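S.K.:
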Amino acid sequence: MARRTPPKDALGPAGGDASLPVLLRRRPWSVAAVAVCGVGAALAALALPAVLGVTVDRLLAGGPVPWRWLALCALLTAAEVALDAAVVWCGGVNSAVLTSWLRRRAVDRLLSAEPHRAQAFSRGDLTTRLTTTTGDAAGAPVAAAGVASAVLLPVGGLVGIVLTDHWTALALLAGVPALVLLLRVFTRDTAAATRDYQRVQASVATRLAEAVAGAATVRAAGTARREHRRITEPLTELGAHGRRTWRVYGRAVGLSSVLLPLLTALVLAVGGLRLAAGAVTVGELVTIGRYAALVVGIGAVTGALGGLARGRAAGERLRPLFALPVPTHRDAALPPDGPGTLVLRDVGVVRDGRRLLRDVNLTVPGGTCLAVVGRSGSGKSTLAAVAGRLADPDEGTVALDGVPLPDVAPHVLRREVGYAFARPALPGDTVGDAIAFGVDRPPPEAVRAAAGDAAADGFVRLLPHGYRTPVADAPMSGGERQRLGLARAFVRSHRLLVLDDATSALDTATERRVWEALDRMAGHRTRLVVAHRLSTAARADCVAWLEDGGLRAVGRHEELWRDPAYREVFQTPPTAPPSTAASASPPDRADHTAAPPPPAGEPEGPPPAKDREGAR
Amino acid sequence: MTSLTGDTARSATPTGRPEGRADTAREAPAGHRPGARPGRGALRRVGREGRPFLRARRGALWRLAGWSLVEFAQTFLTGYGVAQALDRGFLAGRPGVGLLWLAVAAVAALPAAVTTRGLFGRLADLVEPLRDGLVRRAARGALTEALAAPERAHTGAVSRATHQTEIARDGWAGLVMAVRSCLFTSAGALAGLATLQPSLLLVVLPPLLAGWTLFLLTLAPMAARQRAYLEADEAFAARAGELVGGLRDIRATGGAEQAAAPCAALADAQCDAARSLARWAAVRMLALGVAGRCPPLVLLAATPWLLSRGMTAGVLLGALAYLTQSLAPATHALMTALGTAGGRLLVVLDRFTAPTPPLPPPHTPQGETPDESPGEPPHGDGRPRPGGIVLREVTFAYGPGARPVLDRLDLTVRPGEHLAVLGPSGTGKSTLAALLAGSLTPDSGSLRWDDRPAPDRLVLLPQEPYVFTGTVADNLRYLHPAARDAELAAAIEAIGLAPLVERLGGVEGTVDPGRLSAGERQLLTLARAFLAPAAVRVLDEATCHLEPAAEARAERALAARPGTLVVIAHRPASAHRADRILLLDGTRVQQGTAHELHARSALFRDLTGQHSADEAEPDRS
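The listed protein sequences derive, respectively, from chains A and B.
Under my numbering, the first residue of the first sequence is numbered 113, with each subsequent residue one higher.
Under my numbering, the first residue of the second sequence is numbered 8, with each subsequent residue one higher.
1. In angstroms with no decimal places, state the Cα-to-Cα distance between A110(B) and A364(A).
2. So what does H425(B) bridge to, in DSSP terms?
3. Between F434(A), A534(A), V476(A) and A416(A), which has its C-alpha nearest R216(A)'s C-alpha?
4. What residues from chain A crowd round G96(B), counting only those whose CB sits closer than 8 Å?
5. When we look at the beta-carbon of G491(A) and count the other beta-carbons within 10 Å, is it buried (16 or more) or exposed?
6. Could you tell me the boundaries of the alpha helix (DSSP H) in which S581(B) lies?
7. Please work out which residues of its chain come closer than 7 Å, Cβ to Cβ, to R399(B), disregarding the five sequence neighbours upstream and downstream, and give them in chain order.
8. Go ahead and label A183(A) buried or exposed: buried means 16 or more other beta carbons lie within 10 angstroms of its beta carbon, across all protein chains shown.
9. Are the CB atoms of L640(A) and V655(A) within a distance shorter than 9 Å?
10. Below 8 Å on C-beta distance, what does M292(B) contact in chain A?
11. Using a Cβ-Cβ cut-off of less than 9 Å, list which residues of the segment 256-273 of chain B approach chain A; keep chain order.
12. How about A580(B) and E558(B): do their beta carbons lie closer than 9 Å?
13. For the segment 446-458 of chain B, enumerate the residues whose C-beta is nearer than 8 Å to any C-beta of chain A, in chain order.
14. Please classify G175(A) as buried or exposed, where buried requires at least 16 neighbouring CB atoms within 10 angstroms.
15. What does the Cβ neighbour count give for D449(A), buried or exposed, with the cut at 16 atoms within 10 Å?
16. Got a sec: which bits of the segment 62-83 of chain B sit with their beta carbon under 9 Å from any beta carbon on chain A, in order along the chain?
17. Where does T434(B) land, buried or exposed, given buried means 16+ other C-beta within 10 angstroms?
18. In terms of alpha-carbon separation, which member of A490(B), D586(B), A493(B) and V466(B) lies closest to L533(B)?
19. Counting pairs of Cβ atoms below 8 Å between the segment 148-168 of chain A and the segment 395-404 of chain A, do you hit three or more?
20. If the criterion is Cβ atoms closer than 9 Å, does the pair S212(A) and D275(B) meet it?
21. So who's on the other strand from P516(A), going by DSSP bridges?
22. What residues from the segment 355-370 of chain A come within 7 Å of chain B, judged by C-beta to C-beta, listed N to C?
23. Start and end of the beta strand (DSSP E) containing V484(A)?
24. Contact criterion: CB-CB distance below 9 Å. Does F7(B) meet it with respect to chain A?
25. Going by the beta-carbon positions, is the gap between L133(B) and A180(B) smaller than 9 Å?
26. I'd like the list of long-range same chain contacts for R526(A), defined as Cβ closer than 6 Å, with 5 residues on each side in sequence excluded.
27. Could you tell me which of Y531(A), L630(A), L517(A) and V382(A) sits nearest to A567(A), measuring between CA atoms?
28. Which stretch, first to last residue, makes up the alpha helix (DSSP H) that contains Q91(B)?
29. Using a Cβ-Cβ cut-off of 9 Å, state whether D220(A) counts as contacting chain B.
30. For A601(A), tell me which candidate among P369(B), E424(B), T260(B) and A567(B) has the shortest Cα-Cα distance.
31. By Cβ distance, which residues of its chain are closer than 8 Å to V183(B), with the 5 residues on each side in sequence left out?
32. The alpha helix (DSSP H) that contains T343(B), what's its start and end?
33. Going by Cα to Cα distance, which pick from P449(B), T338(B) and L610(B) is closest to E623(A)?
34. Give me the Cα-Cα distance between G128(B) and L76(B), rounded to the nearest whole angstrom.
35. Once DSSP output is grouped into helix, strand and coil, what is the label at I410(A)?
36. Where does S188(B) sit, in a helix, a strand or coil, going by DSSP?
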């Protein structure tokens, strides 16, 4: 939705993504604090071994107790611990604040974009990006700040050893290549074992997904237990691969558990020989040992860099989200008391290279009812979307009462234009909220009146808490949901009401009541009705017949009826729109027959499917 | 359920019908609202189910401990070797002896290369069964949920379940290893300290214990913050999922700000939870500092006193090695594991503690025992079978408060009849199909099948064809495992499946459902229904993805099979092929031939598109 004022976190192109520089600029001081504390802790950790060595020497010398040196040891230790704690705290807070900032911005951006563009991502994918990905991306600045200290420690440790004793430094350097080699072997081996494991794991998931999608068959055939056996059958193989991953992991850990003591022993041996030769003191040997431990901790650098890479990759994944174009608008009002005349001029829509609408020229006089008919895929829903600016046409203009839709202030437009769909999503906590949901809050009487017109008042009153029943707790059929969706559209839509197959699940008696309400709007509200049923076309003042995205004919139903091709339009399935819903594609797309780009894979992530309705 | 693994041995209810299914059908999927289960008592619930799991694996635990003894010895020798190398070797002017002692310590580390593998093998004994059990539970839960409301079944729960079992697997393994390592390393280090000079323990233990106490004190609040954090995260995820599902409607109503507000509030709540978690993580770092970093300082401060009691330089260095190289890292690892993975593990495992009912066994309609054993070969083909169904005042509603979808429906299906059901969507056609096939039980009224058909003789093909990864033959035999190859061939021929089977490489070829079109999947299930020795076949728009010609061929083939055929019609042509048509419209029901209904019913003409222009404005009077 286009906003009149930009949200407080400007969505301008410069600050429009989730890249590291943007995040760093957002909270520079906090990240700086993390970096400073991290470096401070590293410096304290690097100073400590040297001080420790001197302290040990003084203690062993047997003179007066070196309280100053002991105090310095304590001070450095305390500083390191405190600064580490500060890093954890500041870093955690920083990532938390950035996560929330990214999430709010991403939600704003999604809501501002045209729905069909946002729906180019599958629902699960979007949810994952809003949740896990934002969290990962928000961690990037702290990870970047951590790289400095992660590098500082092993490098500083090496310098420390060199400064203390060259020979031990050389011994250590000789051992380090083995360490690096080990880290590489480890990553390669686990990758192979993990791949097999994940393959079998995916087969379990696939079997389960298949059985869940075929639940109606499984239930009818009473084969649930057989299915459970089939689904869990790969567990034996999965266990075998799982054991292999542990073995590989164990081998790597085993190697490192040998290598580290060997390295330490090597350093100590050289150090001990130097001690025996009188080249180093006992305290310096302690110093060397501690520095050696810091050098061996070089693996932390890979961890830090990995964290940074993960954060940046997550930022990249958010980029397409923040790159969603936001439709612009002006702040024009609509002429007062306009009848709702809708004019489409040379309207064309192209999506993913497919032409969904072409050269549509159509005038719907204010207060009349236009039925839009055509086979599925002929562009009916696209036309409906364009008529009320759910989507902008790629070519041509749409105007309401003489004002082009992009000029109308969004809050005005949404008060004057209402939509109802075949499978409405019902945001809002309670049933009453769901009907009232929208640009402003209508009074309760208006909500009830609209519910009455939509033949919903009766069943809503029968709900446990009437209009205050939480939507999640209200048992509703597809038809009942449709009626709530209709009521929601009736509440506003002062000039134009667009029904996109919105009565498909109603029985004829209920549909008649809804139509009586629609007929009462004649003269003061324009209605555009996408319909599959013959009776709807027959009722309308005028019928627009779409074929392959173009207007084949416009006229009264009786006139068109003479054309056999027109009659054939109604031979198509009278019930549900053809659904491509195989197991993977979410059924809630089915109502955009004209619009759906293929879902971009179904990633992991929790796509809650609260409003999934089976047509009964 | 007595343990986290294995299938339940609970005996099936004799009726074989899960009770209260109609009620649960309306409930949100399990785990959908994360805040629904109170976080309190998670440890108790997980512990209750975890104890039997561990008891059953006592052997694995002991073996794990056995392998860990090597770690004990290795730790013991690191400090002890350093002390001896200095005191007896380097400082005593005998570098050779010093090197020898260091070599001893180094050699003691060598077995670890082998034993670690054994260790991880035993770890697998503890971890893999947990995963198996969780996957079984997750599969059972997802199936139960899907069976309760097939029309709402979605795969989101599936990916969630697999994801969470992996979190549990990794978390559990990490925890086991950290606990074990900390235990045996600490024991080795403390034993070494006691051996070097018993008074060292006096100096070292107090700060160590203080640090541990501090950490244990942070554990409970830390776990609570962790849980709050995860729950806030999931609350946001759930809300974000709803928002993403409603983008079109939100835009159409102009409710962007109204929709964004709760999301922003939840994002902020999650931020608060994360801040709180970060504070406690900082406290944990302090506890770690006390436990890991204080003992060496105290040791140094006490050095003059210890030296006066005969401590040597070598002992001091050995003690420092124990404290800095063994105890501190082990403590660090355990505290981290407990503080992060532990909390997550608890939350995830708690999800799996909710009891899942056993899956329904192969059932018979209305819970009566089959009058022939399931394995018994069916009647030979060609013999007429009974397939009559009588419905009297059948009423069905989805949920106790909901309006009945079918209200006192009377219907007699004659044996061997071909009946078509027609009506606008939402009028109960699918419900009627499920009732006729015994998938649903009427809330009231009676529904009787002649001859009480066994399950393989009552076939329902829903609109969504169920084809699974496996061979063509496996898929075709799904309802009739005993079918002979010749019968398979006949079914393939009759339904017109031959081109597809050929493309897949014959009946032994593998079916990948994702690579078949919806129509091809429907053809497979139609052949499956043809093959089954059914007395009643119910097709619930099971041909909707087929071309009209293919639909006609399949329907004629099925109609020619012995037994009753009920077709929920998708196309008018389908209705015209039937002997009789049942027209559903809300509360009204009409029956008759196509000809009769055409004369009688405007709805029928509307649905079949046989309107005439003079009816252009019906019901407007």
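Idealized CB from N, CA, C, for every residue including glycine.
Just so we're clear, the structure is a prediction, and the values are computed from it rather than from any experiment.
M.R.: By the coordinates alone:
1. 23 Å
2. L572(B)
3. F434(A)
4. G384 and A388
5. buried
6. P579 to R584
7. D417, G452 and S453
8. exposed
9. no
10. V193, D196, A197 and V200
11. D256, I257, R258, A259, T260, G261, G262, A263, E264, Q265, A266, A267, P269, C270, A271 and L273
12. yes
13. S446
14. exposed
15. exposed
16. E78 and Q81
17. buried
18. V466(B)
19. yes
20. yes
21. A511(A)
22. R355, W358, R359, Y361, G362, R363, V365, G366, L367, S369 and V370
23. C481 to V485
24. In the structure displayed, chain B extends from 8 to 628; residue 7(B) sits before or after that span and is not available.
25. yes
26. V551
27. L630(A)
28. R65 to Q91
29. yes
30. T260(B)
31. L71, L130, L133 and V134
32. A335 to T343
33. L610(B)
34. 15 Å
35. coil
36. helix
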